[in-house]
Amino acid sequence: VTLPAVIYGDEAPLLETETGDVLKGVPTSRGYYTGPVTVVQGIKDFGKVNQGDVLVIPYSDVGWAPLFTKAGAVVA
């Protein structure tokens with residue numbers, strides 16, 4: 015078996031624009047969280063995330079893991 019030198023994943027999905035001030039989703043853990051929101055669309059935005067922020071990302075995979083330790087909550 016020969017593996018390629020680089021494995022490319024799927025392209026990031028396009029973000030849909032919604033109006034309003036309520037985010038809805040499927041919870042992956044129990045509880046509620048309130049905090050400042052930081053929208054991160056890619057690695058260029060990683061520096062914007064502060065401890066305790068609600069992290070809003072277009073999708074989730076292992077590439078986002080460094081931010082999960084800072085986030086108070088994640089919306090993907």
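The sequence shown: position 58 = 72 (this note's numbering), numbered continuously. Note that CB positions come from ideal geometry on N, CA and C, so glycine has one too.
Have a look at the options and flag the residue whose alpha-carbon is nearest the alpha-carbon of residue i.
| i | options | result |
| --- | --- | --- |
| Val53 | Ala85, Thr42, Asp75 | Ala85 |
Rounded to whole angstroms, what is the Cα-Cα separation between residue i and residue j?
| i | j | result |
| --- | --- | --- |
| Phe60 | Val51 | 13 Å |
| Trp78 | Gly56 | 9 Å |
| Ala90 | Val20 | 26 Å |
| Tyr47 | Glu25 | 30 Å |
| Leu81 | Gly34 | 25 Å |
| Lys62 | Ser43 | 25 Å |
| Gly45 | Val76 | 23 Å |
Excluding the 5 residues flanking residue i on each side, which residues of the same chain have their C-beta closer than 8 Å to its C-beta?
| i | result |
| --- | --- |
| Leu17 | none |
Just to confirm my understanding: we take residue i, look at its own chain, exclude 5 residues before and 5 after, and list those with CB closer than 7 Å. What are they?
| i | result |
| --- | --- |
| Gln65 | Lys84 |
Looking only at its own chain, which residues have a Cβ that is under 6 Å from the Cβ of residue i, when we skip the five neighbours before and after it?
| i | result |
| --- | --- |
| Val88 | Leu69 |
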